[in-house]
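Numbering (the numbering used here), first residue to last: 846 to 972.
Cβ atoms here follow ideal geometry from the backbone N, Cα and C, with glycine treated the same way.
Here's the structure we're looking at; comments come further down.
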């Protein structure tokens, strides 16, 4: 992955198992990125936070790495999967702040039986 990885990303999921260049996540407004051995000094944190991988997303990440291993025979993926419970700690999650707020609003609206679109607009207007 070269310079400016994830630049202007608006959705989806990315998993990076290799090195990156500078200015990661510049303008990233949506989606999520799981990065192995992230060098936090090269992340543009203007719009994103760098987090540990949440417990509820670990199986999804494992499934993506596993699929990548099956499709490519990646030795890096194989090594990660062989000791997953330890290796998971090497990953960081890059999450846009505003996107995280939208996801939280969707989850809350769903739990409370509120109209999701209306609740998101209310959160956007009132913070």
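DSSP puts residue i in a beta bridge; with which residues?
i	result
residue 936	881
residue 896	938
residue 875	855
residue 869	888
residue 968	Partner(s): none; residue 968 has no beta bridge.
residue 951	Answer is none; residue 951 lacks a bridge partner.
residue 861	880
Output the distance between the C-alpha atoms of residue i and residue j, rounded to the nearest integer angstrom.
i	j	result
residue 969	residue 884	32 Å
residue 921	residue 865	15 Å
residue 967	residue 923	45 Å
residue 941	residue 899	15 Å
residue 871	residue 849	7 Å
residue 960	residue 896	29 Å
Identify whether residue i lies in helix, strand or coil by the three-state DSSP scheme.
i	result
residue 855	strand
residue 959	coil
residue 849	coil
Say the cut is 6 Å; is the CB of residue i nearer than that to a heavy atom of the ligand HEM?
i	result
residue 956	With respect to small molecules bound, the structure shown includes none, and the ligand HEM cannot be examined in it.
Assuming residue i and residue j are in contact, meaning their beta carbons sit under 8 Å apart, how far apart are those beta carbons, in whole angstroms?
i	j	result
residue 869	residue 851	6 Å
residue 964	residue 875	The Cβ separation is near 18 Å, so there is no contact.
residue 860	residue 939	About 11 Å separates the two Cβ atoms, so there is no contact after all.
residue 909	residue 855	Contact flag wrong, Cβ pair sits at about 19 Å.
residue 911	residue 926	6 Å
residue 903	residue 933	6 Å
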